[in-house]
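Numbering (my numbering), first residue to last: 351 to 452.
Reviewing the structure listed below.
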């Protein structure tokens, strides 16, 4: 395990009833020496997209999981928003419903 040289920032947040911590630290690393392009045996081109997550130069694709299930997620969000808006103001059930949305 490498030693942390310096802690730059530390942020603590409460989101949806849970606590999260985010830290930016500086860790000294040594990177391996890279080969020049002339010595590389093969070159691969990668294109990052929205519908297809990755398109590789050999013609293969990697599907984006979020793009295929987006309608399911948006439907669930609409249903939870509708259910939360029907709850009585100030009730524990309304607080729980909005925590599910967060």
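Each residue gets a CB set at the ideal place from its N, CA and C atoms; glycine is no exception.
Residues that DSSP places opposite residue i in a beta bridge
i           : result
residue 411 : 405
residue 437 : Its beta-bridge partners do not exist; DSSP assigns none.
residue 398 : 404
residue 363 : 370
For residue i, the nearest candidate out of the options (CA to CA)
i           : options       : result
residue 447 : 367, 410, 423 : 367
residue 392 : 407, 439, 383 : 407
residue 401 : 412, 394, 395 : 412
residue 399 : 414, 409, 387 : 414
Coil, strand or helix - residue i by DSSP
i           : result
residue 387 : helix
residue 424 : helix
residue 374 : strand
Original post:
Contact between the region 373 to 382 and the region 352 to 361: three or more CB pairs below 8 Å?
Top reply: As far as the Cβ criterion goes, the region 373 to 382 touches the region 352 to 361, which means the pair count is three or higher.
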